[in-house]
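Under our numbering, the first residue of the sequence shown is numbered 10, with each subsequent residue one higher.
Note that beta-carbon positions come from the ideal geometry of N, C-alpha and C, so glycine has one too.
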Amino acid sequence: MKQPIGVIDSGVGGLTVARELMRQLPKETFLYLGDTKRCPYGPRTEEEVRAFTWQMVNYLLRKNMKMLVVACNTATAYTLSELQESLDIPVIGVIDPGARAAIKVSRNKRIGIIGTEGTIESHAYPDALVSIDQKIRVNGLACPPFVPMVEEGILSGPKAERIVSHTLQPLKDRNHIDTLILGCTHYPLIKDLVQKEMGNHIQVISSGEETAREASLILAYHKLLEKNDSTPVHEFYTTGDIEKFRLVANSWFDEPVQILKSIELEHVPSSAY
């Protein structure tokens, strides 16, 4: 039996990372858990985010996962180090991969970041960027309307365009960035709208591809890569509206989601065992 890789997020946003993981690691089996009932995590306290993240992790640990991907920027910012120290499986987040991807393409070393309030306030991205290149200049902008919009399935059309335009205006008024990090895994679902608003001269970066590359390297290093050629069967779990989740998931993946279950996390331990 294949040992799965766990992917967690506050909602549907982490599907953007899961899709890239599945593309780069086609033999692997994935368990995806989206805490849509308590989404968004961005406005919540660090204590809440840590508790909710541990509940997701503890739920998936019952499934004998061999690696954990924290596909949520806010959860990565607040819990990644703790998870890596506490668990005996490899754990990766999405912030360092996103930072590396941005630095690779930026020409003028001026990088913008959009994310949830929690991610922006944590300064996790500026810290990651400057640790790689001290000459990087960072402009961050919290975009609170974006996650609820994506969770409602509003991914295009006049309403989505108005929200994106209004929210991004402060960033457009600032210094001349040439690269923009989508610092929330929900945002690639509206990447085209963001690109249109910012202009084609801006490189818009999502962390999915780089995160999947890192996962592949770590699995290989630990000799955990799946060798079985049988078709993997992925499982998806949501704490919220199952049909809303299915709608977004099916629009994002090439094939319809087969196994989707509604779960509750309130009674799952909210800290390390």
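For L34, the closest of P52, P13 and L164 by C-alpha to C-alpha distance is P13. DSSP places S239 outside both helix and strand once states are collapsed to three, so it counts as coil. For the pair G127 and N148, the CB atoms are not nearer than the 9 Å cut-off. Only residues of its own chain outside the window of five on either side were considered, and among them G217, E218, T220 and A221 have a CB closer than 8 Å to the CB of E29, listed in chain order.
Judged by DSSP secondary structure, M76 falls within the beta strand (DSSP E) whose first and last residues are M76 to V79.
A Cβ-Cβ distance of about 5 Å is found for the pair I123 and C152, placing them in contact under the 8 Å criterion. DSSP, reduced to helix, strand and coil, places F262 outside both helices and strands of the structure shown, so it counts as coil. Taking a contact to require three or more Cβ pairs closer than 8 Å, the segment 244-264 and the segment 101-115 do not qualify as touching.
Counting C-beta atoms within 10 angstroms of its own C-beta, L226 has fewer than 16 neighbours from the protein chains shown and is therefore classed as exposed. N117 sits away from I211, with the two beta carbons spaced by 9 Å or more. A direct Cα-Cα distance of roughly 7 Å separates S95 from A281.
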